[in-house]
Amino acid sequence: MTAARARRSARRRAVLAAAVAAPAALAALPALAAAAPTIATSAICLRPSQEPGGTQIAPRLDVTGSGFSPNSLIALTRGAQSITTYSDAAGNLAYSFSVFDLLSSRVPRATPLDVLASDPALGPSNALRVKAAPLSFSATPKRTKPSRTVTFRFSGFTPDRPIYAHYRFGGHLRATVRMGLASNPCGLLSARRDQIPVRDPQVGLWRVQFSQSKTFKAKSVPRIDATVNVFNTPR
Numbered sequence: 559m560t561a562a563r564a565r566r567s568a569r570r571r572a573v574l575a576a577a578v579a580a581p582a583a584l585a586a587l588p589a590l591a592a593a594a595p596t597i598a599t600s601a602i603c604l605r606p607s608q609e610p611g612g613t614q615i616a617p618r619l620d621v622t623g624s625g626f627s628p629n630s631l632i633a634l635t636r637g638a639q640s641i642t643t644y645s646d647a648a649g650n651l652a653y654s655f656s657v658f659d660l661l662s663s664r665v666p667r668a669t670p671l672d673v674l675a676s677d678p679a680l681g682p683s684n685a686l687r688v689k690a691a692p693l694s695f696s697a698t699p700k701r702t703k704p705s706r707t708v709t710f711r712f713s714g715f716t717p718d719r720p721i722y723a724h725y726r727f728g729g730h731l732r733a734t735v736r737m738g739l740a741s742n743p744c745g746l747l748s749a750r751r752d753q754i755p756v757r758d759p760q761v762g763l764w765r766v767q768f769s770q771s772k773t774f775k776a777k778s779v780p781r782i783d784a785t786v787n788v789f790n791t792p793r
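Residues in the sequence shown are numbered from 559 upward in steps of one, following the working numbering.
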């Protein structure tokens, strides 16, 4: 064998060795882990809507997701509540929770709750925290002199809009007070104001409407209607 033929034969053996070795090298690479499923919600704070007649309607918490095992039984939790549902053939998920229990409270607050989905093969999804805020108010202290300062707390109003208090007595508007701006996203507000912003208020039943209308409107929405009973106390 000539020197030239020997060199060509050596090159062919080197190429063949490289071709044989390449698949083995690829096989040695670790397998890629499957991506975790993901979920999203329809809102970050749920507040009730209100009809002009005063009836409140609780929205639903819509949860959507993707990246789940196809046609798989998925465990879905909303705070302490847990249900099971199925992903579709494409690994997508859609479910709607009721939050009526969280919006029927008379205590002004924003209740946090965590939402999570778990796939038996792929594990848990990302966790989301949402809040629920009922349309409510409180006044502390509940019983005091009309001229004393009271702490008012609100929740569930439209965010980034002011809340007003309209005071009426005997069917006539006596005063309107700007309470402050409802916060985003749950419509919360805490304000210190006189219980009745009228000098020497008459004895009897005062009606107060908390709304986001600068002028009094009987059917304004959202609104809360309250009463304050003014009476003489023995000295």
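Ideal Cβ placement from N, Cα and C applies to all residues, glycine included. Quick caveat: nothing in here was measured; it's all calculated off a predicted structure.
- Item | Straight-line gap, Leu763 to Tyr722 (C-alpha atoms, nearest Å) | 19 Å
- Task: Please name the residue in Val779, Phe789, Lys775 and Cys603 whose C-alpha comes closest to that of Phe687.
- Result: Correcting the residue type first, residue 687 is Arg in the shown sequence and not Phe. When each option's Cα is compared against that of Arg687, the closest is Cys603.
- Query: Of the residues Phe789, Pro780, Ala679 and Pro606, which one's Cα is nearest the Cα of Thr702?
  - Reply: Phe789
- Tell me whether the beta-carbon of Thr716 lies closer than 8 Å to the beta-carbon of Lys689. no
- Run through DSSP, which three-state label would Leu693 get? coil
- Message: Is the separation between the beta-carbon of Ser748 and that of Thr698 shorter than 8 Å?
- Response: no
- Note down, in chain order, each residue of its chain lying with its Cβ closer than 8 Å to the Cβ of Gly714, except the 5 sequence neighbours on either side. Arg605, Pro606, Leu661, Pro666, Ala691, Pro692, Leu693, Ser694, Cys744, Gly745 and Pro780
- Out of curiosity, what's the CA-to-CA distance linking Ala648 and Thr734? 56 Å
- Query: Of the residues Ser630, Gly612, Pro628 and Ser656, which one's Cα is nearest the Cα of Thr599?
  - Reply: Ser656
- Item | Contact set for Asn684: own chain, Cβ-Cβ below 6 Å, skip 5 residues either direction | Thr596
- Query: Who does Gln608 pair with in a DSSP beta bridge?
  - Reply: Gln614
- Query: Should Ser645 be labelled buried (16 or more other beta-carbon atoms within 10 Å of its own) or exposed?
  - Reply: buried
- Task: Identify, in the order they occur along the chain, each residue of the same chain with its Cβ nearer than 8 Å to the Cβ of Gln608, setting aside the five sequence neighbours on each side.
- Result: Gln614, Ile615, Leu693, Val779, Pro780 and Arg781
- What first and last residue would you give for the beta strand (DSSP E) that runs through Asp718? Here Asp718 belongs to no beta strand (DSSP E), and DSSP marks it neither H nor E.
- Local conformation of Leu661 per DSSP, three classes: helix
- Query: Can you check whether the CB of Ser654 is closer than 8 Å to the CB of Leu619?
  - Reply: yes
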